[in-house]
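Working notes, beginning with the structure itself.
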Amino acid sequence: MNYLFKLLLIEDDVSLFDEIQDRLSQWSFDVAGIHDFSHVMEEFISVKPDLVIIDIQLPKFDGFHWCRMIRSHSNVPIIFLSSRDHPTDMVMSMQMGADDFIQKPFHFEVLIAKIQAILRRTYNYNTEPVSLRTWCGAALDFESNTISNEAGSIELTKNESFILQLLIDQKNKIVSRDELMNRLWDDKRFISDNTLTVNVNRLRKRLDELELGQYIQTKVGQGYMALDEAKI
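Note that my numbering has the sequence shown beginning at 128, numbered continuously upward.
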């Protein structure tokens, strides 16, 4: 996998670390962790991360301590991720040079959006390539033809993936059957109209495995539409 950025996640909850690492890796982020919480700075220097995500409550020293230490050496973006919700904690994190504060429990979509926004501001980089998209809370990778959400992960065929991408590119708008057939098959003279129906139905059935099939709607006599979650 070609990683976009390297992130350092300073989190001692192993199960939460594993979950965040797994989810962020789906977005092509290389996520490193801390092996020895007595030597956070040594590992920070070794990893050379593009962004740091740090909890407040940690073994040995708290996140504020390590934020100060990191800031004394680097201007790397820092996001606090903590269950502590006192305004003082949020104010202190910002005063120490953190870029954002996210309270646990959190929605993964919020975390990824904040990471992307900070990386764009810091590195003037487009962190969401055409091949990587979000839709109805799912992560879509059109390069590997995979789609993942909390219900699991599936791999689509090339045609299924292409149809989904075409529909999402114009979400909440009807994409005509003619447009889909012309984009899918250069010469549709030898393609039965039923072939498109079969492909869309197969796509919808696969999406049902992730509880997303309902967001692909058929508009009789017109075409198909991909809806936003808010439209249901």
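Beta carbons are placed, not taken as given, at the ideal position from N, Cα and C, and that holds for glycine.
How many angstroms separate the CA atom of residue i from the CA atom of residue j?
i           : j           : result
residue 152 : residue 158 : 7 Å
residue 314 : residue 300 : Note that residue 314 scores a pLDDT of 49, beneath 50, so its modelled location is shaky; the value from the coordinates is reported in the next line. C-alpha separation (whole angstroms): 25 Å.
residue 365 : residue 332 : With the chain represented from 128 up to 359, any question about residue 365 goes unanswered, as that position is not in the structure.
residue 282 : residue 265 : 13 Å
residue 93  : residue 165 : With the chain represented from 128 up to 359, any question about residue 93 goes unanswered, as that position is not in the structure.
residue 145 : residue 192 : 24 Å
residue 261 : residue 194 : 31 Å
residue 267 : residue 218 : 35 Å
residue 183 : residue 246 : 22 Å
residue 221 : residue 199 : 15 Å
residue 276 : residue 340 : 13 Å
residue 212 : residue 229 : 9 Å
residue 321 : residue 156 : 40 Å
residue 129 : residue 305 : For residue 129, the predicted structure reports a pLDDT of 48, less than 50, and the residue's modelled location is therefore unreliable. A value from the coordinates is still provided. Their backbone Cα atoms lie some 36 Å apart in a straight line.
residue 142 : residue 172 : 25 Å
residue 227 : residue 216 : 12 Å
residue 269 : residue 244 : 22 Å
residue 147 : residue 190 : 18 Å
residue 310 : residue 285 : 13 Å
residue 223 : residue 288 : 45 Å
residue 345 : residue 131 : 36 Å
residue 163 : residue 352 : 50 Å
residue 98  : residue 274 : Nothing can be reported for residue 98, as the shown portion of the chain is limited to 128 through 359.
residue 254 : residue 312 : Since pLDDT at residue 254 reaches only 47, below the 50 mark, its modelled position is unreliable, and the value read off the structure follows with that caveat. The straight-line gap from Cα to Cα measures roughly 31 Å.
residue 149 : residue 278 : 14 Å
Roughly how far, in whole angstroms, is the beta-carbon of residue i from the beta-carbon of residue j, given that I think they are within contact range, below 8 Å?
i           : j           : result
residue 249 : residue 214 : With a Cβ gap of about 26 Å, residue 249 and residue 214 do not count as contacting.
residue 167 : residue 206 : At roughly 16 Å, the Cβ-Cβ gap does not stay under 8 Å, so residue 167 and residue 206 are not in contact.
residue 208 : residue 239 : Actually they do not touch by this definition, with Cβ atoms about 12 Å apart.
residue 343 : residue 337 : Not a contact, Cβ separation roughly 12 Å.
residue 177 : residue 133 : 5 Å
residue 140 : residue 263 : Not quite, the Cβ-Cβ distance comes to about 28 Å (not below 8 Å), so this is no contact.
residue 350 : residue 307 : 7 Å
residue 154 : residue 323 : Incorrect: roughly 31 Å between the Cβ atoms, too far for contact.
Which partner residues of residue i appear in the DSSP bridge assignment?
i           : result
residue 345 : 351
residue 262 : 265
residue 229 : 208
residue 273 : 268 and 282
residue 302 : 351
Any heavy atom of the ligand SAM within a distance shorter than 6 Å of the CB on residue i?
i           : result
residue 176 : Summarising the ligand content, the structure contains no ligands, and the ligand SAM is consequently not present.
_Would you call the segment 230 to 240 in contact with the segment 325 to 339, where contact means no fewer than 3 C-beta pairs closer than 8 Å?_
No, the segment 230 to 240 does not touch the segment 325 to 339.
* To do: Identify every run of the alpha helix (DSSP H) within the segment 163 to 215, keeping only runs that are complete inside it and at least 4 residues long; order them along the chain.
  => Under the rule that a run must span 4 or more residues, the alpha helix (DSSP H) segments found entirely inside the segment 163 to 215 read 167 to 174 and 190 to 198.
Which whole runs of the alpha helix (DSSP H) in the segment 133 to 166 are 4 residues long or more, in chain order?
-> Look at the segment 133 to 166 and you find these whole runs of alpha helix (DSSP H), each 4 residues long or longer: 141 to 152.
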